[in-house]
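Data first, discussion second: the structure below is written as structure tokens.
Protein chains in written order, with our numbering: chain A, 1315 to 1554; chain B, 1338 to 1706.
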């Protein structure tokens, strides 16, 4: 693999997550090992309930693994305290959600300025950076609008701008095209690809969208919480 | 952050209106209680405060005139005035007396004094003049307004009819009002021509108050109590507060609880409604202090808007109450308003503290749901 000589942003070592409800155990993620390098777009493909989102939340440190390890930027997440995790998410990890999840009460510009305030960036510097990002994503004209005034595609672009606001090295996207029309979905796919290649970001996308395969560096097919290598190859061959 | 806090508050304008209204009413209640407390405090003891004396002399074991009885005779006054260290000892007789108007009886705190001596009379005359003869009476302003007494109107006390010659202020103690007549008239009303309640004593030139007090105590040992002006004033304030403060405090505490409950409730509802926003903010790296500051901002904004609404409605409301219920004497001062604003700020911080505990139970994982 061409990226092997670089330092991995994400390292998963035999990662498992089991949920218990009364006496019933569910293996949401089973023995997943993975390394993600800068400039790589990883696609987690699989049916609903396969464990894609659980894997994303494990990577982000929202839940603790039942077994195995998650290393982000070279450090074991288990060694992070609550505050360290919060700082990590604020500064190094960007999130793109299926439902966009912008703050409705704030304008587009304010949504992007807000996340920079978490890291103590001054308001004027945050505003300048937000405007530059909006211009970069071709949505500068939306700066003064509120989320309710935007199309679904525009909302997702703003969500991506928000994820990039603090120069995150890793973008985690959960079904970013699920609520978008076909054209808008394709634009978002292209945008994520562009970010990976031109900005050197690591992007992990959980998606049903087969079109994502065309831009992914690696496709991991997940079924019943485990990665199925053969199925991913088959999917890629079909798509490409 | 302030913009976000404000936007989320105004998302539900009707609820915001009710909340601000509820909090504003609690603030008005607090302002009103403080104003009424000050009004009663001044109205109860202004008579004593303005009758500046070196000493007040009462019957043995009596320490105030508001909630205690003291019976002395005019003979005591003669003995006191005979002492070298005493310049004058003006007698005052205080009675609870019934006034009859159009078949209805009402009670006043009738104060008999000797106008020629000056001491013991009304603290302020706002209309007409002071009493000069035994057929005249000065009524409290609130009493006169409530029972529709004007200057020169007849006042029926027992079998006598007196004429209103003056209206006084600083003589309204809420539950009762002072009225002023000559000492002779007051004594005649109770058929005890020599009885008095207390003496207002001025020290003779060349004597220190301490010397005179010692001389009086020595000459009249076991018969009287001698109080300097400030001690006597403090005794009466304490008595007034003992009777009035528990009532005021109880209502104030209810107001404080209601205000805190309304504010906490609204903030908690807001947090629950913004649950997804909070989960997203947590997920994208918002520090807990940012979310806490958000809640505090909302609490302070609500407090500020409510305080403004309360202040705007308080003064017209007070004017209306004073017209409709004149015996309710209210005095509002800038210090009271500042105290209430500070109290509301503290209560809003307390409410924010109560509500923000809910943030802990919102998880970033919810953003992925």
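Here a beta-carbon is modelled for each residue, glycine too, at the ideal position from N, C-alpha and C.
Of the residues the options, the one placed nearest residue i, counting alpha carbons only
i	options	result
residue 1466/B	1657/B, 1704/B and 1505/B	1505/B
residue 1464/B	1482/B, 1452/B and 1457/B	1482/B
residue 1495/A	1518/A, 1324/A, 1525/A and 1370/A	1525/A
residue 1498/B	1480/B, 1473/B and 1665/B	1473/B
residue 1419/B	1557/B, 1487/B and 1682/B	1557/B
residue 1452/B	1510/B, 1469/B and 1442/B	1469/B
residue 1416/B	1427/B, 1407/B and 1406/B	1427/B
residue 1322/A	1539/A, 1543/A, 1517/A and 1540/A	1517/A
residue 1385/B	1508/B, 1679/B and 1698/B	1508/B
residue 1416/A	1464/A, 1450/A and 1383/A	1464/A
residue 1476/B	1501/B, 1460/B and 1456/B	1501/B
residue 1325/A	1445/A, 1487/A, 1349/A and 1455/A	1349/A
residue 1459/B	1667/B, 1414/B and 1515/B	1515/B
residue 1670/B	1652/B, 1539/B, 1610/B and 1548/B	1652/B
Residue burial classification, residue i (beta-carbon count within 10 angstroms, cutoff 16)
i	result
residue 1560/B	exposed
residue 1347/B	exposed
residue 1400/A	buried
residue 1361/B	buried
residue 1522/B	buried
residue 1710/B	Because chain B here runs from 1338 to 1706, residue 1710/B falls outside it and cannot be looked at.
residue 1438/A	exposed
residue 1316/A	Summary for residue 1316/A: the model assigns pLDDT 46, below 50, so the residue's position carries little reliability; its value from the coordinates is reported in the next sentence. Exposed: under 16 other Cβ atoms inside 10 Å.
residue 1318/A	Low confidence applies to residue 1318/A: its pLDDT is 49, below 50, so where it sits in the model is not reliable enough to give any reading.
residue 1374/A	buried
residue 1647/B	buried
residue 1672/B	exposed
residue 1697/B	exposed
residue 1529/B	exposed
residue 1449/B	buried
residue 1303/A	Given that chain A is displayed from residue 1315 to residue 1554, the structure contains no residue 1303/A and the question cannot be resolved.
residue 1338/A	exposed
residue 1439/B	exposed
residue 1614/B	buried
residue 1442/B	exposed
residue 1412/A	buried
residue 1347/A	exposed
residue 1413/B	buried
residue 1288/B	Nothing about residue 1288/B can be reported from this structure: the residues present for chain B run from 1338 to 1706 only.
Residue i, DSSP secondary structure in three states
i	result
residue 1438/B	strand
residue 1394/B	strand
residue 1381/B	helix
residue 1517/A	strand
residue 1374/B	helix
residue 1516/B	strand
residue 1349/B	coil
residue 1600/B	helix
residue 1595/B	helix
residue 1497/A	helix
residue 1575/A	A question about residue 1575/A goes unanswered here, because the residues of chain A that appear run from 1315 up to 1554.
residue 1327/A	strand
residue 1320/A	coil
residue 1315/A	Residue confidence for residue 1315/A is low, a pLDDT of 44 falling below 50, so the modelled location carries little weight and cannot support an answer.
residue 1624/B	coil
residue 1668/B	coil
residue 1355/B	helix
residue 1522/A	coil
residue 1467/B	coil
residue 1433/B	strand
residue 1366/A	helix
Against chain A, which members of the stretch 1591-1614 of chain B pass a CB distance test of less than 8 Å? 1613 and 1614
The stretch 1638-1657 of chain B: positions lying closer than 7 Å to chain A by Cβ: none
The stretch 1463-1479 of chain A in contact with the stretch 1654-1662 of chain B per 3-pair CB rule at 8 Å: no
Touch test, the stretch 1545-1555 of chain B against the stretch 1420-1428 of chain B, Cβ-Cβ under 8 Å, three pairs minimum: yes
Tell me whether the stretch 1350-1369 of chain A and the stretch 1529-1540 of chain A touch, counting them as touching only if at least three CB pairs, one residue from each stretch, are closer than 8 Å. yes
Kindly confirm or deny that the stretch 1350-1365 of chain B and the stretch 1427-1434 of chain A touch, where touching means at least three C-beta pairs closer than 8 Å. no
When the Cβ atoms of the stretch 1373-1385 of chain B are set against those of the stretch 1567-1582 of chain B, are three or more pairs found closer than 8 Å? yes
The stretch 1505-1516 of chain B: which residues have C-beta closer than 7 Å to a C-beta of chain A, in chain order? none
Within 8 Å, do at least three Cβ pairs link the stretch 1394-1411 of chain B to the stretch 1584-1591 of chain B? no
Are the stretch 1601-1609 of chain B and the stretch 1627-1640 of chain B touching, with three or more C-beta to C-beta distances below 8 Å? yes
Short of 8 Å Cβ to Cβ, which residues in the stretch 1358-1377 of chain A face chain B? 1367, 1370, 1371, 1374, 1376 and 1377
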